[in-house]
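Counted the way this note's numbering counts, the sequence shown spans residues 1234 to 1495. Built from N, CA and C at the ideal position, the CB exists for glycine as well.
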Amino acid sequence: MVGDAISHAVLPGIVIAFLLSGSRETLPMLLGAGATGMLATFLIEYFHRRANLQTDAAIGVTFTFLFAVGIILIGAYAGQVDLDQDCVLYGEIAYVPIDLWVTEGGLILGPRPVYILSAVLLVVALFIKIGYKELKLTSFDPAFASALGISTALWHYLLMAAVSLATVSSFESVGAILVIAFLIGPPATAYLLTHDLKYMLAITAALGIFIAFTGYWTAYWLNASIAGCMAVVTGIGFAAVFAAQRLMKTKGSPAEPTRAIG
1234 MVGDAISHAV
1244 LPGIVIAFLL
1254 SGSRETLPML
1264 LGAGATGMLA
1274 TFLIEYFHRR
1284 ANLQTDAAIG
1294 VTFTFLFAVG
1304 IILIGAYAGQ
1314 VDLDQDCVLY
1324 GEIAYVPIDL
1334 WVTEGGLILG
1344 PRPVYILSAV
1354 LLVVALFIKI
1364 GYKELKLTSF
1374 DPAFASALGI
1384 STALWHYLLM
1394 AAVSLATVSS
1404 FESVGAILVI
1414 AFLIGPPATA
1424 YLLTHDLKYM
1434 LAITAALGIF
1444 IAFTGYWTAY
1454 WLNASIAGCM
1464 AVVTGIGFAA
1474 VFAAQRLMKT
1484 KGSPAEPTRA
1494 IG
């Protein structure tokens, strides 16, 4: 839900980045979209925590407001420019190999998204590694975390910032639909397989890699959309694991009591 909201809420950031830079270059567009994406996540959590709104209501209020602000800014200051969220959101993964990073001297360093997303991967992985204990406590037992002196609000906002960073940086390369599919599908499937958080993270990463390869070769075989095939494989994987679990529970012993994630 947050990822879907960000996909609409980044529009004012794109417009402001264009007004400040005077160009539609990728870097300012991504910086503007990223800043607005983080603002959207902070506003959603603020309304949820401070105004006691349900999460879906907070998401609806935030993304409609920011999207409307973007429309107004376009109408007032950039009406003659072909400028909308398509600049960032609707990427095509098949074009990644030809989106090259070329230096001023003409040296081709390879696909630019590989460098951007590798840097984001490193930042997010280090964040999880360094703050694993705090993230685990504040996410699943905030009262205990507060008793230990851990700032639950700070770590929650840091987590939302990491989600926003990963989401926005991926939009341009693979498109909003695939980003949302990967945000939800692999973790949900991993949750069906284990309740141990470390194993869940490892399974999620492995599933993401498997889905990427399987979806790509399925698209190649069918001559179809790569992002669409990856999203379909994500859904099929979840459905297969869910069906297998239901079948095992039907044929086997009574279901085990629900365990907390740990």
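What residues in its chain sit with their C-beta under 6 Å from that of residue i, if we drop five residues either side in the sequence?
i, result
"residue 1568", "Nothing about residue 1568 can be read from this structure; the chain reaches only from 1234 to 1495."
"residue 1525", "Nothing about residue 1525 can be read from this structure; the chain reaches only from 1234 to 1495."
"residue 1254", "1261"
"residue 1375", "1385"
"residue 1326", "1407, 1459, 1460"
"residue 1335", "1341"
Between residue i and residue j, what straight-line distance do the alpha-carbon atoms span, to the nearest angstrom?
i, j, result
"residue 1401", "residue 1418", "18 Å"
"residue 1345", "residue 1331", "9 Å"
"residue 1484", "residue 1475", "14 Å"
"residue 1481", "residue 1426", "13 Å"
"residue 1308", "residue 1329", "32 Å"
"residue 1258", "residue 1436", "37 Å"
"residue 1262", "residue 1252", "10 Å"
"residue 1343", "residue 1290", "43 Å"
"residue 1244", "residue 1238", "11 Å"
"residue 1441", "residue 1274", "24 Å"
"residue 1411", "residue 1394", "20 Å"
"residue 1448", "residue 1381", "44 Å"
"residue 1278", "residue 1340", "44 Å"
"residue 1293", "residue 1351", "32 Å"
"residue 1354", "residue 1304", "32 Å"
"residue 1446", "residue 1454", "12 Å"
"residue 1306", "residue 1478", "50 Å"
"residue 1431", "residue 1338", "45 Å"
"residue 1403", "residue 1438", "16 Å"
"residue 1284", "residue 1405", "33 Å"
"residue 1295", "residue 1302", "11 Å"
Skipping 5 residues on each side, what residues in its chain have a beta carbon closer than 7 Å to that of residue i?
i, result
"residue 1265", "1246, 1247, 1249, 1250"
"residue 1388", "1364, 1367, 1368, 1371"
"residue 1269", "1242, 1243, 1245, 1246, 1299"
"residue 1421", "1471"
Residue i bridges to which residues according to DSSP?
i, result
"residue 1344", "1333"
I'd like the list of long-range same chain contacts for residue i, defined as Cβ closer than 8 Å, with 5 residues on each side in sequence excluded.
i, result
"residue 1444", "1415, 1418, 1419, 1463, 1466, 1467, 1470"
"residue 1383", "1367, 1370, 1371"
"residue 1457", "1451"
"residue 1379", "1385"
"residue 1310", "1248, 1252"
Specify the secondary structure class of residue i as computed by DSSP and reduced to three states.
i, result
"residue 1478", "helix"
"residue 1427", "coil"
"residue 1461", "helix"
"residue 1325", "coil"
"residue 1248", "helix"
"residue 1238", "helix"
"residue 1284", "coil"
"residue 1258", "coil"
"residue 1294", "helix"
"residue 1408", "coil"
"residue 1243", "coil"
Could you check whether the Cβ of residue i sits closer than 8 Å to any Cβ belonging to chain D?
i, result
"residue 1483", "No chain D is part of this structure, which consists of one protein chain only."
Write down every uninterrupted run of the beta strand (DSSP E) in the segment 1334–1406 whose length is 3 residues or greater and which is fully enclosed by it, in chain order.
Qualifying beta strand (DSSP E) stretches, in chain order: 1341–1344.
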